[in-house]
Amino acid sequence: MTRFRSITQISSSRAGNGVIVITTKKGKNNQPLRISFNANVNIADKPNLFYKRMMSSADYITTEERLYAEGYFQNTISAYNSPVITPVLELLNAESNGTISVAQANSQINALKNQDVRNDLAKYFLQKSVDQQYSLNLSGGSENQRYYISGGYDKNLDNLIGNGYDRVTLNANNAYDLLNKKLELSTGIYITQSKTTTNNPGIDQITYNGSSLYPYARLADNQGNPLAINKDYRDGFIQNAENAGLLDWTYKPLAEIRNANNTSTITDYKLNAGLKYRYNADLNAQILYQYQRSANEYRNLQSQNTYYTRNLINQYTQVNSDGSLTLPIPLGGIYDFQNLTGIGQDLRAQLNYHKYWNDKNELTAIGGYEIRALHTTGSSYRLYGYDPVHETSQAVNYLDYYTLYNDPYSASAIPYSNGQTDLHDNYRSYYFNGSYTFDKRYTLSGSIRQDASNLFGVKTNQKAVPLFSTGLSWNIANDSFYKWELLPMLKLRATYGYNGNVNKTVTAYTTAYYYDASQSGIHQPYATIINPPNPELRWERVQIINLGVDFGTKNNIITGSIEYYRKDGKDLIGTVPYAPSTGILTFTGNTANTNGRGLDLVLNTKNIDRELKWNTNFLLSTVSDKITRYLSASPVTGLLQNGDGLSQVPLVGKPLYALYSYKWAGLDPANGDPQGYLNGQVSKDYSAIISSATPDNIVYSGSARPTVFGSFRNTFQYKGFSISANITYRLGYYFRKSSIGYGSNYGLGGDGDYDLRWQKPGDEQHTYVPSIPTSPNNNRDFFYNFSSVLVQKADNIRLQDISFSYDLYRQRIRQLPFRHIQFYVYANNLALLWKVNKAGIDPDYQTGPPPKSMAFGMKADF
């Protein structure tokens, strides 16, 4: 991985944030056939659904009973369109209506208090993931030819039951030496075909009335048969609809997995060809060409047995005056199909020069021209009344509006999802990179590049960006005056230059989405503007300064490097609010500049170097960044709500990922209300606190991403055995702990902090969780959930992984049928060793850490 080297200039239109260099395997001349086989399986635990504390079923039901007694659900229960209510509310309503006795209602409700839906979710929807990987490689060569062929197969079972992934890969490359080895012809082909099955959408998609499922839901009976849960409609409404001739309207999440048929396939192949002609020992020219085609097909067949299809058919069912039914959406399945095909071509012509003379001078240079083009086309459509056996479907009327069965006062057109995609991306580049080294001591390097794209500017001179870099290095250890034997390797280096970035979400021209008449209430085609024209749109540029030192002690007992870097982003592309009077709400363009700097330290030590070997690798990185220019001021609510380390919060002078909050003044001892500050005084005027908040008077805690991070790995080797353990650390950042929000329903279904709430005077001495409000107060909730009391330091240290291997060689054991065989075990995501916060929370995974995994494998070389 490199942040700023010559390779970033070769790829600089995409290299603003660094480049990962991958060297693919190749055969060797005059090498007999070699075969290598690798097989491994990785097993990971189920996700822990009980890690994050949630309101218990007993507290949920108690809250429901309180709300019911206060009449909170009365409008819902009596609504004309029969919106869904929970089983407990059905029981309470039945008791109120005299349908069941108080004793019967209490008996059934008390039984539900002991039910936890997470048990069913863990049993029927989650499993241990199992990833299998197999590969076979063949390589070799003769005097004038070399080859490498590999094949692989992956089969993965996801931790969501019903989901999986299969992949087959084939890679072959050849190189031929012609014309007495003056001409080299290389060819390569890489083919990948994969299939992803997504029949389980995830437990978060099992919802009640569009929100989180009530915690006492039961998803299967004692024999594992699917049970229906309350999702969108009341039991009575469902029964009446079925009696009227509609399809079964119940929702059984477990059955949905079994009825799903949702797959996507990707077929990708790359063809490479290259010619290299050697004019002499110093100069050669090469031409490289790559053709790539990637075809992605998405197929989702939702049969009539699925809830989605039954629900849609029922919603649009029309009841005639004689009681008969008309089905605008016909019986049968609903079949969604999407395809996306990308064809890319890349042509590069390059001169390479390398000369070494007089034992003191070395000159290396490359120069080239590259053009790239990517054409992406796609389409999508939906078929109603689909019969997969006979591959037939039925036409529907997309233009007319139909009264909905579940809401007689609403009308809607049948959903239409046909669409087309056609995208073109073209790039052109010139580049040069060269370096001169004198006496293996002093090196001067430089590079220049110009990139052009059809995305930028309207005028020709605005489509391109010139990029350059220059560097110096001094190998002090090779100078005659340097005599320090303790540090026989010492090198200083410095580079300065510009890289570039491409943002494909915006162009210099007006961009819009186009819709056909079926999506319009007036039955006319229309378009919505994505971004207005921006003829001055420019490339993003990143100015980088690197200063580094490489060192090594005698016999390389200690080796390492220290590197300081500074990255200044210029003309960065971002989105800012825009005056609605212009016809758009946001504008995307060159809106921001940033400044970043950091330090990287690498230390490698040989602690013991005998038959028993002990090596240590230590990595330390520090990083800081800030916004230096932004065309629009971020609203305070945006600063507060987006401090999760994932969302960008631009504020000049602060990091892009930062955490802000309201200043906390504790709980009111009299009633447990949260308190803040207004004009320097303790206050409970939440509306005023929120409306008067500015970037200057809210609390800035710090970065929401680590500013210091690294790892510490120790490796022990003895004969054929090797074991290593890796400890990682992340320091200097903050996180916001999630907590309860009472809303208008006393926090029903909310965070487990409900148990810790203030309930009586004196509780404020040991809790910061506010009391239940006497009346709904959204500003009170908002203030508390974004107050500084919930902000904690996120520093942590982890035992990230342990690996163990054992190697056998034919050199030691002549009877082995192979040259070398290795057995290995790898364990990952092992333990959180230390955390600074006292809440018992993993700051990086508040909903639960990634499951522990264990991989077992074998690699054999013949």
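Take the sequence shown: its letter number 660 is residue 661 in the working numbering, and every next letter is one higher. For each residue, glycine too, the CB sits at the ideal point set by N, CA and C.
In or out: D843 buried (at least 16 other Cβ within 10 Å) or exposed? buried
Leaving aside the five residues before and after I546 along the sequence, list all residues of the same chain whose C-beta is less than 6 Å from its C-beta, in chain order. Y497, R567
Can we say the region 118 to 129 touches the region 437 to 452, given the rule of at least three CB pairs closer than 8 Å? no
According to the neighbour-count rule (16 or more other Cβ atoms, all chains shown, within 10 Å of its Cβ), is P707 buried or exposed? buried
8 Å contact criterion, which N41 and F819 should meet: CB distance rounded: Not confirmed; about 17 Å, so no contact.
Span of the beta strand (DSSP E) around P578: 559 to 578
Please determine, among V466, Y565, I530, the residue with the shortest C-alpha to C-alpha distance to R539. V466
Collapsed DSSP secondary structure at G152 in the structure displayed: strand
Residue from G386, Q293, G368 with nearest C-alpha to L313: G386
Out of curiosity, what's the CA-to-CA distance linking A694 and N476? 55 Å
To the nearest angstrom, how far is the alpha carbon of G28 from that of L171? 16 Å
Cβ-based burial, T595 [other Cβ within 10 Å; buried from 16]: buried
Assuming contact is defined by CB atoms lying nearer than 8 Å, are S187 and N174 in contact in what I supplied? yes
Beta-bridge partners of P590, as assigned by DSSP: Looking at the sequence shown, residue 590 is not Pro but Gly. In the DSSP output, where bridge partners are listed per residue, G590 has G575.
So, with DSSP's three-state summary, where would you put G1? A question about residue 1 goes unanswered here, because the residues of the chain that appear run from 2 up to 863.
Given 8 Å, three or more beta-carbon pairs between the region 616 to 625 and the region 700 to 719: yes
With which residues is T848 paired in a DSSP beta bridge? Paired residues: none, contrary to the question.
Express the C-alpha separation of N434 and R369 in angstroms, rounding to a whole number. The sequence given here places Gly at residue 369; Arg does not occur at that position. Near 9 Å, if we compare the C-alpha coordinates of N434 and G369.
By DSSP, does A286 sit in helix, in strand, or in coil? strand
Does the beta-carbon of R799 have 16 or more other beta-carbons within 10 angstroms, so that it is buried, or is it exposed? buried
Closest to Y661 by C-alpha separation, out of N241, T365, G744, K794, would be which residue? K794
Hey, would you say Y735 sits closer than 8 Å to V792, going by beta carbons? yes
If you follow the beta strand (DSSP E) that E541 is part of, which residue opens it and which one closes it? 541 to 553
Just curious, the alpha helix (DSSP H) that T310 is in, first and last residue? 308 to 316
Which value, in whole angstroms, describes the spacing of the CA atoms of Q682 and G750? 34 Å
Let me know the beta strand (DSSP E) ranges lying completely inside the region 448 to 493, each 3 residues or longer, listed in chain order. 465 to 476
Contact check, N786 vs G742 under 8 Å by CB: the rounded distance? 6 Å
Option nearest L487 by Cα separation, candidates N502, N556, V503: N556
Report the rounded CA-to-CA distance for D426 versus L586, giving the unit in angstroms. 27 Å
Between the Cα of L424 and the Cα atoms of N262, N672, K505, D626, which residue gives the shortest distance? K505
Identity of the residue in I230, N226, G225 nearest S213 by Cα: I230
To which residues of the same chain is D845 closer than 6 Å at the C-beta, ignoring the five residues directly before and after it? none
Run through the DSSP bridge pairs and tell me what T617 is partnered with. T606, N715
Per DSSP, what kind of secondary structure is E872 in: helix, strand or coil? Because the chain here runs from 2 to 863, residue 872 falls outside it and cannot be looked at.
Three-state class that DSSP yields for L158 in the structure shown: strand
L326 classed as buried or exposed, judged by whether at least 16 other C-beta atoms fall within 10 angstroms: exposed
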